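S.K.: Residue numbers (this note's numbering), protein chains in the order written: chain B, 1 to 534; chain W, 1001 to 1142.
Even for Gly, the Cβ is constructed at its ideal location relative to N, Cα and C.
Since the model is a prediction, treat every value here as computed from it, not as a measurement.
My questions all concern the structure below.
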Amino acid sequence: MIVFADVNTTAIVVFAIVLAITLGITAWASKRASSAVGFYAAGRGITGFQNGLAISGDYLSAASFLGIAGLIYIFGFDGFVYSIGFLVAFLTVMFLLAERMRNSGKYTIADVLAFRLRERPARVAAALGTLSVAAFYLIAQMVGAGVLIEKLVGIDFTLAVLITGTFMLCYVVFGGMVATTWVQIIKAVLLMTGIVVMSIFVLNKVGFNPIELFNRAEEAGKAKGSTFSLGPGTFLKNNTDMVSLGLALVLGTAGLPHILMRFFTVPNAKAARSSVVYAMFIIGFFYLLTTVIGFGARAILGQKSVEAAGATNGNLAAPLLAENLGGGEGTTGGDLFLAIIAGVAFATILAVVAGLVLSASSAVAHDVWSSIIRRGRDSEREEVLVAKIAALAIGAIAMLIAILGGEELNVSFMVGLAFAIAASANFPALLLALTWPRFNTAGAVTGVAFGLISAIGLIIISPIVWGGPPGAPDTGAFKSYDLNNPGLISIPMGFIGCYLGTVLSKERGNERSFHELRVRSETGLGSERALVEH
Amino acid sequence: MAEPSTQREPGGEIDWRAVEASPEFQDLVRKRRSFVLPGTIFFLAWYMGFILLTAYAEDFMSERVYEGLTVGYCLALTQFLMVLVLGLMYLKRSANVYDPLAARAIEGYAQHSGRYAARSARDGGNREVGSRAAGSEQEAAR
Chain B
1 MIVFADVNTT
11 AIVVFAIVLA
21 ITLGITAWAS
31 KRASSAVGFY
41 AAGRGITGFQ
51 NGLAISGDYL
61 SAASFLGIAG
71 LIYIFGFDGF
81 VYSIGFLVAF
91 LTVMFLLAER
101 MRNSGKYTIA
111 DVLAFRLRER
121 PARVAAALGT
131 LSVAAFYLIA
141 QMVGAGVLIE
151 KLVGIDFTLA
161 VLITGTFMLC
171 YVVFGGMVAT
181 TWVQIIKAVL
191 LMTGIVVMSI
201 FVLNKVGFNP
211 IELFNRAEEA
221 GKAKGSTFSL
231 GPGTFLKNNT
241 DMVSLGLALV
251 LGTAGLPHIL
261 MRFFTVPNAK
271 AARSSVVYAM
281 FIIGFFYLLT
291 TVIGFGARAI
301 LGQKSVEAAG
311 ATNGNLAAPL
321 LAENLGGGEG
331 TTGGDLFLAI
341 IAGVAFATIL
351 AVVAGLVLSA
361 SSAVAHDVWS
371 SIIRRGRDSE
381 REEVLVAKIA
391 ALAIGAIAML
401 IAILGGEELN
411 VSFMVGLAFA
421 IAASANFPAL
431 LLALTWPRFN
441 TAGAVTGVAF
451 GLISAIGLII
461 ISPIVWGGPP
471 GAPDTGAFKS
481 YDLNNPGLIS
491 IPMGFIGCYL
501 GTVLSKERGN
511 ERSFHELRVR
521 SETGLGSERA
531 LVEH
Chain W
1001 MAEPSTQREP
1011 GGEIDWRAVE
1021 ASPEFQDLVR
1031 KRRSFVLPGT
1041 IFFLAWYMGF
1051 ILLTAYAEDF
1061 MSERVYEGLT
1071 VGYCLALTQF
1081 LMVLVLGLMY
1091 LKRSANVYDP
1101 LAARAIEGYA
1111 QHSGRYAARS
1121 ARDGGNREVG
1131 SRAAGSEQEA
1141 AR
């Protein structure tokens, strides 16, 4: 681990610049986020290209930037496999959900379920799925933020979590979706610029020949104690677990509430569609470059920096590489490049946590408060106020758990769980509500319950909870079960729950509303219009 | 929930079944499905195939194509290519086939299309990739 003797002043200056810019945006956005459609959906006035950038900013967490580059540095090829799943997942989103969500929903994924199902149970189920995903994802990101900022800047873990949480809440509470969107857009631009510049530095060292980069990485990976390989099998050793993870990644994105919510911010389905394609380009390019960073770190830093980067995850490989490329430890260039990459990582975390809190607070205010508790009798002003209070509460709880759980909380385990719940609980119910005429309320509730309970239950009995390194034979209480990723079982369980609930209940689906939903989701007739700015 | 700016259309105004029964709508659903369904099966198969090979064929994936370039890395690159190609194909088909069909399917609702036309021209138009060829005509009817 890097131990900075003092607080890194250059990094603090870069962090302050990031915070100043984002707060400026929030101040500008606050006037536009006072109405419900402004707060939840940025007035539906975000263009396809802007939304593509914002989706990338919302999606590419520090786990993608530092995590995948680090895994490639430590383990080689296996780290790259994650990014393939994260990217291909956008085909699932584009083909099955993006336009339909835009055409049939309003602010939350529960809107799509409530459209043709009995409103209250459907919203409870969807809100539960949304909150579970957001909670695990949010805590994981907060802990990750605390650890990184502590390591990179020298600020204490608790203080780092508090700073991240406070700014995240500022964006959401004062600027709603408008501020969140622009923070995500700026983050995407910063992140892409950072990774492109770093990649050019790396490729420059190998004469812009990627094959030479692979060769040098492989050569450096032969060092004693190295786990690096250009082929698979060094990190994800359990084959079934690998398949299970792969499945959860490719379907999980299509159930992430903070990503799906972004489709409500564009004026129409056409913009929703193009925003996915822009996001695919940006995210795909990004993941290609993470291999340059990861292999570059291996070729340039070699085995000797493994301890400093984090032997199990390599999270600090990218910042260390930046320091080296800038001239090395203690040089002005090295300090500056390290500080800039740390600032980019900080912006990355802020944009993701803001999106998560916004999606969770929308579920609480729009689904639970307005539709279930107040049964639609509340005013728009009240609903937005509740959303802001909910954001504060959710943010405070997440900060508290992150601080209490501390640096020891296993971040990748919680991100994996978030994807598994999204794929098992949210995705089946959403897909079937939009496509299966017979689907009914009982089906949705059972499906979400099956998916949620099986994903969480299987994680609880998994080896990762009961100790032992990932992929090692289970040494815990449940010897016969050795999957760390529940997707292979819990995703089918979600679909089975939807099916059984539907066919076993006497309830007839509301057919009229299915015809309406079908026409609306396919053509956009009757869908929510954009707020016209005066 | 008083939300004046985003009111849902009063259900009574639109005969959803009539739109659904129209040949244009049926055509739209059939044509879109005939691309999306095989597309989804293809990308899931190609992706899960890659994952299965990574999990169960480590030696094959570690084989060299050229110096440090492995079969695994090449197959990973085909995933990037697949995302790119399917994404662009879908955009193009949407602009050329699905959007015009959707517009015709809902054409009968003149009172809506009239209002939407003015709106879409302001908020939707011409900001998207690959859709310029389709122009604002079908968009107007939304």
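Does the segment 456 to 467 of chain B come into contact with the segment 406 to 425 of chain B, if we say contact requires no fewer than three beta-carbon pairs (one atom in each stretch) closer than 8 Å?
M.R.: Because the criterion of three Cβ pairs below 8 Å is met, the segment 456 to 467 of chain B and the segment 406 to 425 of chain B touch.
S.K.: For M280 of chain B, return the contacting residues in chain W, with the cut-off set at a CB-CB distance below 8 Å.
M.R.: As a working note, residue 280 of chain B is residue 280 in the first sequence. Residues of chain W passing the Cβ test: V1083, L1084 and G1087.
S.K.: Is the separation between the beta-carbon of V1083 of chain W and that of G284 of chain B shorter than 7 Å?
M.R.: Here residue 1083 of chain W refers to the residue found at position 83 of the second sequence. Here residue 284 of chain B refers to the residue found at position 284 of the first sequence. Contact: yes.
S.K.: Are the CB atoms of E323 of chain B and L338 of chain B nearer to each other than 7 Å?
M.R.: Position 323 of the first sequence, counting from 1, holds the residue named residue 323 of chain B. Position 338 of the first sequence, counting from 1, holds the residue named residue 338 of chain B. Yes. Within cutoff.
S.K.: Using a Cβ cut-off of 7 Å (strictly closer), state whether Q1079 of chain W contacts chain B.
M.R.: Working through the second sequence from its first residue, we reach residue 1079 of chain W at position 79. By this cut-off, Q1079 of chain W is an interface position.
S.K.: So who's on the other strand from S305 of chain B, going by DSSP bridges?
M.R.: Taking the first sequence and counting its residues from 1, the one referred to as residue 305 of chain B is at position 305. DSSP, once it has assigned bridges, lists no residue as partnering S305 of chain B.
S.K.: Any heavy atom of the ligand ZN within a distance shorter than 6 Å of the CB on I373 of chain B?
M.R.: Only the bare structure without any ligand can be found here, which leaves the ligand ZN out of the picture.
S.K.: Keeping to the same chain, check which residues put their C-beta closer than 6 Å to that of F136 of chain B; ignore five residues upstream and five downstream.
M.R.: Translated into positions along the first sequence, residue 136 of chain B becomes position 136. Excluding positions up to five away in sequence, the list reads M414, L417 and A418.
S.K.: Output the boundary residues of the beta strand (DSSP E) element that contains R1064 of chain W.
M.R.: As a first step, residue 1064 of chain W is located in the second sequence; it is residue number 64 there, counting from the start. Here the beta strand (DSSP E) through R1064 of chain W covers R1064 to Y1066.
S.K.: Chain W partners of P232 of chain B, CB-CB under 8 Å?
M.R.: As a first step, residue 232 of chain B is located in the first sequence; it is residue number 232 there, counting from the start. Residues of chain W passing the Cβ test: T1054, A1055, E1058, M1061, S1062 and G1072.
S.K.: Taking buried to mean at least 16 other C-beta atoms within 10 Å of its own C-beta, is S274 of chain B buried or exposed?
M.R.: Here residue 274 of chain B refers to the residue found at position 274 of the first sequence. Flag for S274 of chain B reads buried.
S.K.: How would you list, in chain order, the residues of chain W whose beta-carbon sits under 8 Å from the beta-carbon of I211 of chain B?
M.R.: Here residue 211 of chain B refers to the residue found at position 211 of the first sequence. Under the 8 Å cutoff, chain W gives Y1066, E1067, G1068 and L1069.
S.K.: Of the residues that make up the segment 1031 to 1055 of chain W, which ones have a beta carbon closer than 8 Å to any beta carbon in chain B?
M.R.: Here the close residues are R1032, V1036, G1039, T1040, F1043, L1044, Y1047, M1048, F1050, I1051, L1052, T1054 and A1055.
S.K.: Taking DSSP as the reference, what is the three-state secondary structure of G129 of chain B?
M.R.: Here residue 129 of chain B refers to the residue found at position 129 when the first sequence is read from its first residue. G129 of chain B falls in the helix class under three-state DSSP.
S.K.: Could you check where the alpha helix (DSSP H) with A33 of chain B kicks off and where it finishes?
M.R.: On the first sequence, residue 33 of chain B is found 33 positions in, with the first residue counted as 1. It is not in any alpha helix (DSSP H) - A33 of chain B carries neither H nor E in the DSSP assignment.
S.K.: Using DSSP's beta-bridge definition, name the partner residues of T158 of chain B.
M.R.: Looking up residue 158 of chain B in the first sequence gives position 158. T158 of chain B pairs with nothing; no bridge assigned.
S.K.: Alpha carbon to alpha carbon, how far is K237 of chain B from L53 of chain B?
M.R.: Position 237 of the first sequence, counted from the start, is the residue given in the question as residue 237 of chain B. Position 53 of the first sequence, counted from the start, is the residue given in the question as residue 53 of chain B. Distance between the alpha carbons of K237 of chain B and L53 of chain B is about 35 Å.
S.K.: Can you find a C-beta in chain W that's less than 7 Å from the C-beta of M242 of chain B?
M.R.: Counting from 1 along the first sequence, the entry for residue 242 of chain B is found at position 242. Closer than 7 Å: yes.
S.K.: Check whether the Cβ of A1076 of chain W lies closer than 7 Å to any Cβ atom in chain B.
M.R.: As a first step, residue 1076 of chain W is located in the second sequence; it is residue number 76 there, counting from the start. Answer yes: the Cβ-Cβ gap between A1076 of chain W and chain B drops below 7 Å somewhere.
S.K.: Enumerate, from N- to C-terminal direction, the unbroken alpha helix (DSSP H) stretches of 4 or more residues contained entirely within the segment 486 to 525 of chain B.
M.R.: Within the segment 486 to 525 of chain B, the complete alpha helix (DSSP H) runs of at least 4 residues are 487 to 504 and 511 to 523.
S.K.: Could you tell me which residues DSSP puts in a beta bridge with G76 of chain B?
M.R.: To locate residue 76 of chain B, count along the first sequence from 1; it is residue 76. According to DSSP, G76 of chain B bridges with B:S229.
S.K.: Quick check: what's the CA-CA separation for L1075 of chain W versus D1099 of chain W?
M.R.: Position 75 of the second sequence holds residue 1075 of chain W. Position 99 of the second sequence holds residue 1099 of chain W. Computed Cα separation, rounded: 34 Å.
S.K.: Threshold first: 3 residues or longer. Then list the beta strand (DSSP E) segments lying entirely within the segment 1046 to 1106 of chain W, N to C.
M.R.: Complete beta strand (DSSP E) runs here, min 3: 1064 to 1066.
S.K.: Would you kindly report the start and end of the unbroken alpha helix (DSSP H) that includes A317 of chain B?
M.R.: Working through the first sequence from its first residue, we reach residue 317 of chain B at position 317. From DSSP, the alpha helix (DSSP H) with A317 of chain B extends over A317 to L325.
S.K.: Might you give, ordered along the chain, the residues of its own chain that have their beta carbon closer than 6 Å to the beta carbon of G255 of chain B, omitting 5 neighbours on each side?
M.R.: Translated into the one-based positions of the first sequence, residue 255 of chain B becomes position 255. Only A422, A423, N426 and F427 meet the Cβ criterion.
S.K.: 7 Å is my cut-off, CB to CB: does R1093 of chain W come that close to chain B?
M.R.: As a working mapping, residue 1093 of chain W is identified with position 93 in the second sequence. So, not an interface residue.
S.K.: What residues in the segment 493 to 509 of chain B bring their beta carbon closer than 9 Å to a beta carbon of chain W?
M.R.: Taking 9 Å as the Cβ-Cβ cut-off against chain W, none of the residues of the segment 493 to 509 of chain B qualify.
S.K.: At which residues does the alpha helix (DSSP H) containing I211 of chain B begin and terminate?
M.R.: Translated into positions along the first sequence, residue 211 of chain B becomes position 211. First-last of the alpha helix (DSSP H) with I211 of chain B: P210 to A220.
S.K.: Suppose the cutoff is 7 Å on Cβ atoms and the five residues either side in sequence are ignored; what does the same chain contact list for L96 of chain B look like?
M.R.: Looking up residue 96 of chain B in the first sequence gives position 96. Excluding sequence neighbours, L96 of chain B sits near A254 and L431.
S.K.: Leaving out five residues on either side along the sequence, give the residues of the same chain with a beta carbon under 6 Å from the beta carbon of M242 of chain B.
M.R.: Position 242 of the first sequence, counted from the start, is the residue given in the question as residue 242 of chain B. Here the set comprises L236.
S.K.: Are any of the Cβ atoms in chain W nearer than 7 Å to that of I84 of chain B?
M.R.: As a first step, residue 84 of chain B is located in the first sequence; it is residue number 84 there, counting from the start. Interface residue, yes.
S.K.: Looking only at its chain, what residues have a beta carbon closer than 6 Å to the beta carbon of G310 of chain B, apart from the 5 residues adjacent to it on each side?
M.R.: On the first sequence, position 310 is the one that residue 310 of chain B refers to. The answer, listed in chain order, is L316.
S.K.: Give me the Cα-Cα distance between F49 of chain B and T265 of chain B, rounded to the nearest whole angstrom.
M.R.: In the first sequence, the residue the question calls residue 49 of chain B occupies position 49. In the first sequence, the residue the question calls residue 265 of chain B occupies position 265. Distance between the alpha carbons of F49 of chain B and T265 of chain B is about 12 Å.
S.K.: Taking E522 of chain B and V1029 of chain W to be in contact with their CB atoms under 8 Å, please state how far apart those CB atoms are, rounded to whole angstroms.
M.R.: Position 522 of the first sequence, counted from the first residue, corresponds to residue 522 of chain B. Position 29 of the second sequence, counted from the first residue, corresponds to residue 1029 of chain W. Contact holds; Cβ gap of about 6 Å.
S.K.: Rounded to the nearest angstrom, what separates I389 of chain B and I68 of chain B at their Cα positions?
M.R.: Sequence index remark: in the first sequence, residue 389 of chain B carries index 389 (1-based). Sequence index remark: in the first sequence, residue 68 of chain B carries index 68 (1-based). I389 of chain B and I68 of chain B: Cα-Cα distance of roughly 35 Å.
S.K.: Using a C-beta cutoff of 7 Å, does E1107 of chain W count as contacting chain B?
M.R.: Looking up residue 1107 of chain W in the second sequence gives position 107. No, E1107 of chain W lies away from the interface with chain B (no Cβ there is under 7 Å from its Cβ).
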